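First comes the structure, then the notes that go with it.
Protein chains: 2
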Amino acid sequence: MRIIKKIDVMRKFSLAEKKKGRTIGFVPTMGFLHAGHLSLIKKAGKRNDIVVVSIFVNPAQFLPNEDFSAYPKDFRKDALICREESVDVLFYPGRKDIYPAGFSTYVEETSLSKSLCGGSRPGHFKGVTTVVAKLFNIVVPNTVYFGQKDAQQSYIIKRMVSDLNMPVEIKVAPIVREPDGLALSSRNKYLTKGQRAKACFIYKALKIAEKRVKKGERSSAKIKAAIRHVIEANLRGEIDYIDIVDTENLKPLKKLKRKVLMAVAVNVGKARLIDNIILKPGR
Amino acid sequence: MRIIKKIDVMRKFSLAEKKKGRTIGFVPTMGFLHAGHLSLIKKAGKRNDIVVVSIFVNPAQFLPNEDFSAYPKDFRKDALICREESVDVLFYPGRKDIYPAGFSTYVEETSLSKSLCGGSRPGHFKGVTTVVAKLFNIVVPNTVYFGQKDAQQSYIIKRMVSDLNMPVEIKVAPIVREPDGLALSSRNKYLTKGQRAKACFIYKALKIAEKRVKKGERSSAKIKAAIRHVIEANLRGEIDYIDIVDTENLKPLKKLKRKVLMAVAVNVGKARLIDNIILKPGR
Chain G
438 MRIIKKIDVM RKFSLAEKKK GRTIGFVPTM GFLHAGHLSL IKKAGKRNDI VVVSIFVNPA
498 QFLPNEDFSA YPKDFRKDAL ICREESVDVL FYPGRKDIYP AGFSTYVEET SLSKSLCGGS
558 RPGHFKGVTT VVAKLFNIVV PNTVYFGQKD AQQSYIIKRM VSDLNMPVEI KVAPIVREPD
618 GLALSSRNKY LTKGQRAKAC FIYKALKIAE KRVKKGERSS AKIKAAIRHV IEANLRGEID
678 YIDIVDTENL KPLKKLKRKV LMAVAVNVGK ARLIDNIILK PGR
Chain H
438 MRIIKKIDVM RKFSLAEKKK GRTIGFVPTM GFLHAGHLSL IKKAGKRNDI VVVSIFVNPA
498 QFLPNEDFSA YPKDFRKDAL ICREESVDVL FYPGRKDIYP AGFSTYVEET SLSKSLCGGS
558 RPGHFKGVTT VVAKLFNIVV PNTVYFGQKD AQQSYIIKRM VSDLNMPVEI KVAPIVREPD
618 GLALSSRNKY LTKGQRAKAC FIYKALKIAE KRVKKGERSS AKIKAAIRHV IEANLRGEID
678 YIDIVDTENL KPLKKLKRKV LMAVAVNVGK ARLIDNIILK PGR
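So the sequence lines, in the order shown, correspond to chains G and H.
Residue numbers for the first sequence follow the numbering used here, beginning at 438 and rising by one.
Residue numbers for the second sequence follow the numbering used here, beginning at 438 and rising by one.
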């Protein structure tokens, strides 16, 4: 496995591989890899000749009051994991390579990014789309893999790719969960033992809501109240949002129809935890 | 010459040519081609195997009160000109191909775009960078040619390419002028005979200013006053701006130093005319 830090070296590598007719699967990450990332890397490996993983904790997607400097890091362990997974290149650029002095160009999705996490983290997705656009231009992948845990992010990136005619394909892989249901996240590290034990109730709440939808409930207000009830009864946390949105435009729905995204964000101690279920309620 | 209207056909063509090892030179235009465009097309032809010209009057770069619907068009003549110049592909997409329903992603340069034309046409350069980013992803060129008449645009696009790591090279070609000095522009068509006769005084004013700089004048205020004087004495028009900026950051300078851009915008009748000179005043 090559570890590449320089942008021009990374691009040269990719273009040379592509010239040989090889396909490149790309998994962009912020490091501190867990089984969720692993599932993406494995998918990339199955369907591409070359797998590139990037590790870059992107300052542009953190708000001033957020955990940028505290974000967990373990490059040695990450590199070991990648090596074990037969990753071809670990791209590990420095902050000044990605954002040199005078940097002033941003990519912004202006519709899907307004609700859910975009509502409580203004500017977050602008940071995400900007760095992802850069990484696409540097790594020149055929296919890029994202996790459904960041569901809104994956919708926004698909929209960006389509709107800006980027020559890449986006694949979204299912959420990987702990045995008790907690969605894997690098930020789970922030949880105390007690918080961790209760954090599974976020997913349990979503599953209870899903059951109610399957039994015929179509009122967003009622389903959201049910989710809120389960979380508040079991978890010491501050609910950021509980929302049910149309997967087409990520706008809140009063009545469930077609395909919906039920999404939750809860601040538990130092960790902002998000989770979601996509479901088709039918008529 | 092929005329291609569909985005996916355009990209397939380019990727196939590149696979054969051919280089692609690209000249993006809004059509109504004149000798300025021709100089770009000729440059592209000299240094590339394949030349692609695009014609798309980009609604996103016009402000609501501007001349989008009146912008001059003559596709048949443009196609003839391109054919004569041995252009390989004329890319002529429709508005809905470029901006389909639900389009919501924009590329914005946030520093260089604030002064000069960016000051009087807020949102204009966001429209430019967005469509240019799209065209780069569709045409996949090696080198792209812009004219120095839109000097600020060329600086902004170079910054965008650098900031977003776009794998293209930008070349800027000198302004092509009428015998009396007027910079060629599709918008010159809006001028009445009388306005046209006087429009050359914009360039004459810049040349007089250049002379004063060469003689040692370093005060921006004095040079700008000289330009204003020549224009106001000879031209019935409304001066939008006269400015002297550092070519590094496009910020106004009080004293001329290093490399400066002297730029002027004047509304003459229905035409917004711009012109500029880049010069190195020395110490």
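Think of the CB as a built atom: it goes at the ideal place given N, C-alpha and C, for glycine as much as any other residue.
Since we're looking at a predicted model, the values are computed, not measured.
Opposite Lys692(G) in the DSSP bridges: which residues?
Ser656(G)
Closest Cα partner of Glu669(H) within the set Lys648(H), Ala636(H) and Val650(H):
Ala636(H)
Can you list, in chain order, the residues of its chain whose CB lies under 8 Å from that of Thr684(H), leaving out five sequence neighbours each side?
Tyr592, Arg695, Lys696, Val697, Leu698 and Ile715
Scan the stretch 451–472 of chain H for residues whose Cβ lies nearer than 7 Å to a Cβ of chain G and list them as they occur along the chain.
none
Chain-ordered neighbours of Val526(H) on chain B, where CB pairs are closer than 9 Å
Among the protein chains of the structure shown, namely G and H, there is no chain B.
Endpoints, beta strand (DSSP E) assigned at Asp680(H)
Glu675 to Asp683
Would you mind sorting Pro465(G) into buried or exposed? The rule is 16 or more other CB atoms within 10 Å of its CB.
buried
Strictly below 7 Å CB to CB, what residues from chain G border Glu546(H)?
Ser541 and Thr542
Tell me the rounded alpha-carbon separation between Tyr582(G) and Lys688(G).
25 Å
List the residues that DSSP assigns as beta-bridge partners of Ile607(H).
Val581(H)
How many whole angstroms separate the CB atoms of Lys571(G) and Glu545(G), which I take to be in contact at a CB cut-off of 8 Å?
That belief does not hold up - the Cβ atoms of Lys571(G) and Glu545(G) are roughly 14 Å apart, past 8 Å.
When we look at the beta-carbon of Phe499(H) and count the other beta-carbons within 10 Å, is it buried (16 or more) or exposed?
buried
Pull out every residue of the stretch 600–617 of chain G whose Cβ sits closer than 8 Å to any Cβ of chain H, in chain order.
Asp600, Leu601, Asn602, Met603 and Pro604
Measure the alpha-carbon distance for Glu522(G) versus Gly482(G) and round it to whole angstroms.
8 Å
Output, in chain order, the set of chain H residues within a Cβ distance shorter than 9 Å of Leu549(G).
Ser541
So which residues of chain H does Arg596(G) contact, with C-beta pairs closer than 7 Å?
Ser541 and Thr542
Check whether chain G comes within 9 Å of Thr629(H), counting only Cβ atoms and requiring the distance to be less than that.
no
State buried or exposed for Arg709(H), treating a residue as buried only when at least 16 other CB atoms are found within 10 Å of its CB.
buried
Closer than 7 Å at the beta carbon, the chain G residues around Lys571(H):
Leu601 and Asn602
What separation, rounded to the nearest whole angstrom, lies between the Cα atoms of Lys659(G) and Ala642(G)?
13 Å
Examine the Cβ distances between the stretch 466–478 of chain G and the stretch 506–514 of chain G and report whether three or more of them are shorter than 8 Å.
yes
Would a C-beta distance cut-off of 9 Å place Val703(G) and Asn713(G) closer than the cut-off?
no
Using DSSP bridges, identify the partner residues of Pro465(H).
Ser491(H)
Could you tell me the alpha carbon to alpha carbon distance between Asn574(G) and Met603(G), rounded to whole angstroms?
9 Å
Chain G contact for Arg673(H) (CB, 9 Å cutoff):
no
With DSSP as the reference, identify every bridge partner of Arg624(H), one or two as the case may be.
DSSP, once it has assigned bridges, lists no residue as partnering Arg624(H).
Is there a C-beta anywhere in chain H that falls below 9 Å from the one on Asn495(G)?
no
When the Cα of Lys707(H) is compared with those of Glu675(H), Leu553(H), Ile461(H) and Asn686(H), which residue comes out closest?
Glu675(H)
Identify, in the order they occur along the chain, each residue of the same chain with its Cβ nearer than 7 Å to the Cβ of Leu693(G), setting aside the five sequence neighbours on each side.
Val650, Arg655, Ser657, Ile681 and Pro718
If we count the other Cβ atoms within 10 Å of its Cβ and call it buried at 16 or more, is Lys652(H) buried or exposed?
exposed
Cutoff 9 Å: Lys492(G) Cβ touching any chain H Cβ:
In the sequence as displayed, the identity of residue 492(G) is Ile instead of Lys. Chain H, which has no Cβ nearer than 9 Å to the Cβ of Ile492(G), makes this no.
Let me see if you follow: with CB-CB separation under 9 Å, is Thr566(H) close to chain G or not?
yes
Can you pull the chain G neighbours of Ile444(H), defined as C-beta to C-beta under 8 Å?
Asn602
Quick check on this structure: which residue in Lys630(H), Ala663(H), Ser623(H) and Gly631(H) has the alpha carbon closest to the alpha carbon of Tyr640(H)?
Ala663(H)
What's the C-alpha gap between Gly618(H) and Leu601(H)?
36 Å
Residues of its chain near Thr471(H), where Cβ-Cβ distance is below 6 Å and the 5 sequence neighbours each way are ignored
It should be noted that the sequence gives His, not Thr, for residue 471(H). Taken in chain order, the residues that qualify are Leu621.
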